[in-house]
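Asks: Here it is, the structure, as structure tokens.
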């Protein structure tokens, strides 16, 4: 059967080349006669894989030497607690920007550990935009500022990096946008991202953190939630998710072969434009997000007539365009078009949507 | 190249059939045109995989209906904190049995959250045995009793399940022995195990817990460390390590095809006997563990003349017998012979060791 086009929000589509390589190496990685899954994480073979993943990520995202890269498990959901547990460093409050579901999850968890100051929110706009910086009420005494540059569910993306006081680290949940465009790491204190959207399989979480922020944790912080423990042990304090790291390594090699983040951004802009142009030209479809803040990765849209939703999903699936159902909290449709989604997939979706409109308008 | 015999302590050897099946399904699982890595964890395809893994594990290990099975990430190292955070339930102390490195890690972490009573220890015997129950000084007021039935590094295994007060749950770190023999789950309050030794790839941790123990956590417990959150959400509170769950499912199917835990125990006894018989018959090799408490999974041994260690490792590797080096904390050799190690692998190792002894005695 032909490969289909998978618009899942995550776990998500991976480059076919990556899967083909993983298949080829499944029982024998580079003549080792072992699957990567069978390798001791402290053996020479896996150590070489781990070092390559780190150096490729450092190169692709231009990560400065004073930033540690951690390969953790536990998902971004664990980061919602790890961030305050590690970054409060004696302070009592942190600033959070509320732009939707994922911001709110981070906020709720942080409230267990500190006073949360909502420095800006788009709740009154039904989370349809990214609040511009003139609306932010930052607290100079905050331990850090946390925001979600791309809301996977709402489809709202910051197309700019916030300016914050140099003394207050900027913390960013990049789960659904990391590696989709060039990144100026030095503007951040800490970046975290689950791998299962733009980098690899579920079960691996990347943390990029400025070294000087490490070393002070809240009393009662589990050892496994202490960034410094992982940093000091090169992410081998315990057994890391080895196979997921290997697949991420293949994805990074694929990114490098395809021009890195600059080339990726160009394609991502083109892909998003195809879809948003259709949505804007149509009265049949509607995108709830304001034009300036539309996500390049997750495109939510509704049908004017929601009684057609079921037919839309059925017919798109029959064409091999799958996982288009919107998140259960918002309904409608959502097309996630991460790096690994080829432009052909988006073109096929646009073509289907145009036909569907003609047939049902 | 021939497959080799991999004696790694974990991540460890997997059944070749499992890897072959994973290879065959890498780009197209059951006609879905997707890799399992690409599936939404909430889609029908992955939900069916997750349900099958759970029901197969429940069947294989005869897990009663009043026990929840959780599929988590974070490794057994996270359990060292999660156990006290969830099971203290208002009590102030817990009993721990100290039998070596992994017990000690659990003890050290628990001390962050409660008073730890070392109810028994084999430290004075240099961790060469499992302290018999008549030596245990259990505290009836303890929140739970924690022990490590198989010490992966020391090679000490309990061949019996401790008797504890019915009101005090027994907690067991089964990372390196789960599924190696039949299991009487009802004797335990909670069992946890990293998957990467006897069940699948790294990055997945199984928790089997009696339902009535859930619901009370220490203040400050991260949401992701709350068993009840995961139980109430069928391990889908956040994205679980989906591909590792899938591989574990293939391992469970392999176990079922091969007679389940009763058959597995027979082979494991035979494999261990081959190796221990050689060690006992020889003055050239030495096993530091008392006969009654020797692990069926991890067989540590030393050469009388440690200056031959390097040669032993070199020559065994040249024969395709790899990862035999002992843990850096104890030195010498260690052969981990989990379920997936065929008896031929152990026979090949024994043959090599006999030849090596003849050539170097």
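Chains as they are written, first to last, in the working numbering: chain A, 1 to 361; chain B, 362 to 722.
Even for Gly, the Cβ is constructed at its ideal location relative to N, Cα and C.
Bear in mind that the values here come from a model prediction, so they are computed numbers and not experimental data.
Using 8 Å as the limit for Cβ to Cβ distance, is residue 37(A) near chain B?
Replies: So yes, residue 37(A) belongs to the interface.
Asks: So that I know if they touch, is there some Cβ in chain B lying closer than 8 Å to that of residue 316(A)?
Replies: Not an interface residue.
Asks: With a threshold of 7 Å on Cβ separation, who are the neighbours of residue 717(B) within its own chain once the five nearest residues in sequence on each side are excluded?
Replies: Excluding residues within five positions, the ones whose Cβ falls inside 7 Å are 673 and 676.
Asks: Going by beta carbon distance, what residues of the same chain come within less than 6 Å of residue 290(A), once the five residues before and after it are set aside?
Replies: Here the set comprises 128 and 129.
Asks: Grab the span of the alpha helix (DSSP H) containing residue 721(B) for me, first residue to last.
Replies: First-last of the alpha helix (DSSP H) with residue 721(B): 704–721.
Asks: Quick one: what's got a C-beta closer than 6 Å to residue 352(B)'s C-beta in the same chain, skipping five residues either side?
Replies: In the structure displayed, chain B extends from 362 to 722; residue 352(B) sits before or after that span and is not available.
Asks: Kindly say whether residue 511(B), judged by its beta-carbon, lies nearer than 8 Å to any beta-carbon of chain A.
Replies: Residue 511(B) does not count as touching chain A.
Asks: Please report how far the alpha carbon of residue 580(B) lies from the alpha carbon of residue 110(A), in whole angstroms.
Replies: Distance between the alpha carbons of residue 580(B) and residue 110(A) is about 13 Å.
Asks: Go to residue 555(B), then tell me how far its beta strand (DSSP E) extends in each direction, as first and last residue.
Replies: Where residue 555(B) is concerned, the enclosing beta strand (DSSP E) stretches over 551–555.
Asks: Near residue 596(B), which residues of its chain fall below 6 Å by C-beta distance, leaving aside the five closest residues on each side in sequence?
Replies: The residues are 431 and 432.
Asks: So is residue 567(B) in contact with chain A if we call contact Cβ pairs under 8 Å?
Replies: Not one chain A Cβ lies under 8 Å of residue 567(B).
Asks: What is the DSSP secondary structure of residue 476(B), counted as helix, strand or coil?
Replies: Residue 476(B): strand per DSSP, three-state reduction.
Asks: Apart from the five residues just before and just after residue 326(A), which ones in its own chain have a Cβ nearer than 7 Å to its Cβ?
Replies: Result list for residue 326(A): 300, 332, 333 and 334, in chain order.
Asks: Which term fits residue 1(A), buried or exposed, when burial requires 16 or more other beta carbons within 10 angstroms of its beta carbon?
Replies: Since pLDDT at residue 1(A) reaches only 45, below the 50 mark, its modelled position is unreliable, and the value read off the structure follows with that caveat. With fewer than 16 Cβ atoms within 10 Å of its Cβ, residue 1(A) is classed as exposed.
Asks: Quick one: grab the DSSP three-state call for residue 400(B).
Replies: Note: residue 400(B) maps to coil in three-state DSSP.
Asks: By a C-beta neighbour count over all protein chains shown, 10 Å radius and 16 as the cutoff for buried, is residue 173(A) buried or exposed?
Replies: Per the 10 Å Cβ criterion, buried.
Asks: Note down the Cα distance separating residue 421(B) from residue 411(B), rounded to an integer number of angstroms.
Replies: For residue 421(B) and residue 411(B), the distance between alpha carbons rounds to 15 Å.
Asks: What are the residues of the stretch 366–377 of chain B that lie near chain A, defined by any Cβ-Cβ distance shorter than 8 Å?
Replies: If the cut-off is 8 Å between Cβ atoms, the stretch 366–377 of chain B has 367, 369, 370, 371, 372, 373, 374, 375 and 377 near chain A.
Asks: The beta strand (DSSP E) spanning residue 66(A) covers which residue range?
Replies: Unbroken run through residue 66(A): none, as it is neither H nor E.
Asks: Quick check: what's the CA-CA separation for residue 638(B) versus residue 645(B)?
Replies: Spanning the two alpha carbons is a distance of roughly 13 Å.
Asks: Based on the DSSP output, what are the partners of residue 187(A) in its beta bridges?
Replies: Per DSSP, none; premise fails for residue 187(A).
Asks: Would you verify that the beta carbon of residue 528(B) is, or is not, closer than 8 Å to some beta carbon of chain A?
Replies: No - not a single Cβ of chain A is within 8 Å of the one on residue 528(B).
Asks: Specify the secondary structure class of residue 638(B) as computed by DSSP and reduced to three states.
Replies: Here residue 638(B) sits in helix by DSSP.
Asks: Taking the straight line between their C-alpha atoms, what separation do you get for residue 468(B) and residue 461(B)?
Replies: Residue 468(B) and residue 461(B): Cα-Cα distance of roughly 10 Å.
Asks: Measuring only between beta-carbons, confirm whether residue 86(A) sits less than 8 Å from chain B.
Replies: Not one chain B Cβ lies under 8 Å of residue 86(A).
Asks: Note down, in chain order, all residues in the stretch 221–254 of chain A with a beta-carbon under 8 Å from any beta-carbon belonging to chain B.
Replies: So the list reads 222, 223, 224, 225, 237, 238, 239, 240, 241, 242, 243, 244 and 247, given in the order they occur along the chain.
Asks: Any beta carbon of chain B sitting closer than 8 Å to that of residue 1(A)?
Replies: Here residue 1(A) scores only 45 on pLDDT, less than 50, and its place in the model is too uncertain to base an answer on.
Asks: Taking any Cβ of chain A, which residues in the stretch 403–421 of chain B have a Cβ under 9 Å from it, in chain order?
Replies: Correct list: 403, 404 and 407.
Asks: I'd like to check one pair, residue 10(A) with residue 167(A): are the Cβ atoms closer than 8 Å?
Replies: No.
Asks: Using the Cβ count rule (16 or more neighbours within 10 Å means buried), how would you classify residue 296(A)?
Replies: Residue 296(A) comes out buried.
Asks: Considering only their Cβ atoms, is the gap separating residue 201(A) from residue 603(B) smaller than 8 Å?
Replies: Result yes, Cβ atoms of residue 603(B) and residue 201(A) sit closer than 8 Å.
Asks: Give me whichever residues DSSP pairs with residue 228(A) in a beta bridge.
Replies: According to DSSP, which records beta bridges pairwise, residue 228(A) is partnered with nothing at all.
Asks: In chain B, which residues lie less than 8 Å from residue 140(A) when you measure between Cβ atoms?
Replies: Within chain B, no residue comes near residue 140(A); the closest Cβ sits about 27 Å away, beyond 8 Å.
Asks: Would a C-beta distance cut-off of 8 Å place residue 73(A) and residue 436(B) closer than the cut-off?
Replies: Yes, Cβ-Cβ distance for residue 73(A) and residue 436(B) is below 8 Å.
Asks: Using a Cβ-Cβ cut-off of less than 7 Å, list which residues of the stretch 74–85 of chain A approach chain C; keep chain order.
Replies: This model lacks chain C altogether; the protein chains it does include are A and B.
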